[in-house]
Each structure stands twice: as structure tokens, then as C-alpha cells.
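Written below as C-alpha cells is the structure these notes are about.
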Amino acid sequence: MKEINNQKGLNSMWTDSLTRNLHPDGNALVDHLRTVHYKHTGFTEECASCCRDESGRNSYEWLAELVPDNESLNVLDLACGSGPLLKILFDRNKNLNLRGIDMCPEELTLANTRLVNSGATLLQSKAQNLSAIDDNSVDIVLCHWALTLMDPIAPVLDEVKRVLTPKGRFAALVDGPMNAAPGYREVHDLIYSYVQQEIPSYGEIDLGDPRVRGSESLNNLVRKVFPELNVTIETNIVSMEGPVTQVAEIAAGFFYAAFILKPEKRKLMITSLSNLLAIYNESTDAERRGRFSMPISRLLVEPDTK
Ligand SMILES: C[S@@+](CC[C@H](N)C(=O)[O-])C[C@H]1O[C@@H](n2cnc3c(N)ncnc32)[C@H](O)[C@@H]1O
């Protein structure tokens, strides 16, 4: 990771707007996401690969399960980041025609390195405009942990609909309901309490379209765009255990909000978070173990197969 310990917090057009009590626009959101991903390229997979459900699957593997292992299909990974999902798909099924799009060049550079010789095509583009992809040409559109960041969201869903074949499917991994995983709300509230000391309205205003964060509102949003398709949302829990400070660092990595903290404040936040996540409080700091659990949801939009 680059500059994780720089002396300043992270500033972007988005944080500037919040600091001035303004509502950030779409350009400010893009600037913020690009800044975070420039400074912390690859952070999502560092976190998401470590957390596993009861069957031992991480969230990439849970999403990848929806893609058949033996068919030759056109698959698009929307906001593919550093490409971990595409790599899992390639390792499982060499007959897939894989494409990934993302708006952050640094993430795509990492993805290109890991996907060399896979035949995957990677494009720098915003999800709101997939003009490089033909109508009715994709069998499965996947999106791992990125739909929540997209605003406006309606053009993204319209583009997904346009590129899907008539039998095509759209599946996305998004945040699950906060109370579904034990202790998750407390982790969220702790991190946001530190962030709000720096920017009070962070949280009241957050990244992306808030409708994507609730299962019911997401369901309604998606049904409007795909009225003729089945929409299901399943919830799961992924967890990790390990030395408590390491668990706290990884847990904090799931929260974009944590990246805006200055190093000193971040250190204090990690100490509080370690205390919250510790499994046995009586051990010394060096031996303390911690556990973090997180709710995830898998949205699936598909034609009626009955
Ligand atoms: C949390 S990361 C997830 C990356 C990858 N899918 C993964 O799970 O490892 C979010 C990604 O979404 C991308 N992103 C966010 N909004 C986007 C948009 N409107 N168009 C294209 N990419 C976007 C970011 O550049 C970033 O790589």
C-alpha cells in the first residue's frame, strides 16, 4: 500500500464539500474514489479475501459460484478493481470470455498484471457508460462490492440491462443488513465516531446512492429496471480471526470512511477497535486475538427459469 502512513488525512473534492457543509456532486464522488484507490490500490481484496463464511468461502467465491464451471460464457465484472474475481473465474473455467471495467487506472494496472495470459479484456470506463460493450452481448454481469459506491445508480442499471442477453443474469455483492452479523454495528459506529470528529456530516451523507444499502430499497430499485425478471437478495456472514491489531486493521479497511483519518487519529481508532474486537480481554496486547464479522448480501437478477 502507498502512503498509508502519510502525515495528512485524505483530502478530495468530496471531503472538501462535506467540510464546507455542501452536498457533494457526482464529480466529487469520482474524485474521492479515485483518490482513495490511488493511495490504497488493492485494499478491497486485501480485506475481502480474508473474511470467510461458515462454508469457508470468501465473498468473491460466493459471488463466483453463480457462474457455471463448464460453459463458455461472456462475463463482465463491473468495477473489477484489482481483478480478484476475474482471476477466480479464470482459474475455474478457461472457457469464459472475461471482461472487466473500472474507472481507476491504478486498480486496472494491478488487474492486468494478475490476469496476464488469461485473455481477459480490461477497460477503463465508468459503469454509467458502457458504450464499449455491445447490446445483448453479456451472459453474466457481476459486481463485487461496488454498486454501493455508484451515484447516479439508475444509468448503471440501465447499462447492465442493455448489455445483457435476453437470458442474461446480473449478480452483485453488496453490504448486508447491519444487524445480521454480531458486533458489526458497533464496529461501524466506532469508526464513524472517529471520522465525525473530523467531518461531522460524514455518515449522514455517505458515498453512493443510499438506496443500494438497504435490501428493500435495493430490491425496489432493481425491480423497476428489470420488471420482467426475478430479483432475489440472500444474506450471509463472513468473519475473520487473528492477532487483534491485524483484525482491527483489516476490519477498518472495509470502511472507506476510515481512510480520511489522519495517522494519529487512525492509531487511536485502531486501538479502540482492537479493544472492541478482542476475544479474550485478559491476554496481553501481543497475544490478544480478535474476531470481526460482517454481513454481506448477494443480489441476483435472472429470468424466470420455472
Ligand atoms: C470497493 S472496490 C471493489 C473492487 C473489486 N470489485 C473488488 O471487490 O475487489 C470499488 C471499485 O469500484 C470502482 N468504481 C466505483 N464507482 C465506479 C463507477 N461509477 N464506474 C466504474 N468503477 C467504479 C472503484 O474504482 C473501485 O475499483
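With the sequence shown counted from 1, adding 206 to any position gets you the working numbering.
No residue lacks a Cβ here, since even glycine has one placed at the ideal position from N, Cα and C.
Here the structure is a predicted model, which is why all the values come from computation and not from measurement.
How about residue i and residue j: do their beta carbons lie closer than 7 Å?
i, j, result
"Asp-341", "Arg-375", "no"
"Ile-439", "Ser-503", "yes"
"Leu-427", "Arg-419", "no"
"Cys-349", "Ala-378", "yes"
"Ser-218", "Thr-241", "yes"
"Asp-510", "Asn-436", "yes"
"Val-450", "Arg-494", "yes"
"Leu-304", "Val-347", "no"
"His-246", "Glu-313", "no"
So is residue i buried or exposed if we call it buried at 16+ other beta carbons inside 10 Å?
i, result
"Gly-496", "buried"
"Gly-306", "buried"
"Tyr-266", "buried"
"Gly-232", "exposed"
"Leu-228", "exposed"
Could you give the C-beta distance for residue i and residue j, rounded to a whole number, given that I count them as a contact under 8 Å?
i, j, result
"Ser-288", "Gly-248", "5 Å"
"Ile-397", "Met-446", "Contact flag wrong, Cβ pair sits at about 16 Å."
"Val-414", "Asp-357", "In the sequence as displayed, the identity of residue 414 is Gly instead of Val. The pair is a contact, with the Cβ atoms about 5 Å apart (cut-off 8 Å)."
"Leu-292", "Ala-317", "7 Å"
"Pro-290", "Ser-255", "7 Å"
"Leu-424", "Leu-272", "That pair is no contact at about 17 Å."
"Asp-395", "Thr-354", "Going by Cβ atoms, the distance from Asp-395 to Thr-354 rounds to 18 Å, so no, they are not a contact pair."
What's the C-alpha gap between residue i and residue j?
i, j, result
"Leu-336", "Asp-308", "10 Å"
"Pro-274", "Thr-315", "27 Å"
"Gly-389", "Ser-343", "42 Å"
"Lys-473", "Ala-458", "11 Å"
"Ala-352", "Pro-501", "15 Å"
"Leu-295", "Val-431", "27 Å"
"Asn-211", "Pro-469", "Low local confidence applies: a pLDDT of 39 at Asn-211 is under 50, so the model's placement there is unreliable, with the coordinate-based value given in what follows. About 6 Å."
"Val-444", "Ala-360", "29 Å"
"Asn-385", "Asn-323", "42 Å"
"Ala-484", "Glu-392", "13 Å"
"Thr-319", "Leu-482", "37 Å"
"Phe-460", "Ser-499", "11 Å"
"Ile-411", "Ser-261", "35 Å"
"Thr-225", "Leu-239", "17 Å"
"Lys-373", "Asn-442", "26 Å"
"Asn-301", "Leu-328", "17 Å"
"Leu-269", "Cys-310", "22 Å"
"Thr-221", "Leu-235", "9 Å"
"Glu-404", "Leu-284", "32 Å"
"Pro-383", "Glu-422", "10 Å"
Next item on the list: Give, in chain order, every unbroken run of the alpha helix (DSSP H) that is at least 4 residues long and sits entirely within the region 326-397.
Entry: 360-369
Check: Which residue spans inside the region 400-471 form an unbroken alpha helix (DSSP H) run of at least 4?
Finding: 421-431 and 450-459
Next item on the list: May I have a chain-ordered list of the alpha helix (DSSP H) segments no shorter than 4 residues that lie completely inside the region 249-320?
Entry: 249-254, 265-270, 290-298 and 311-320
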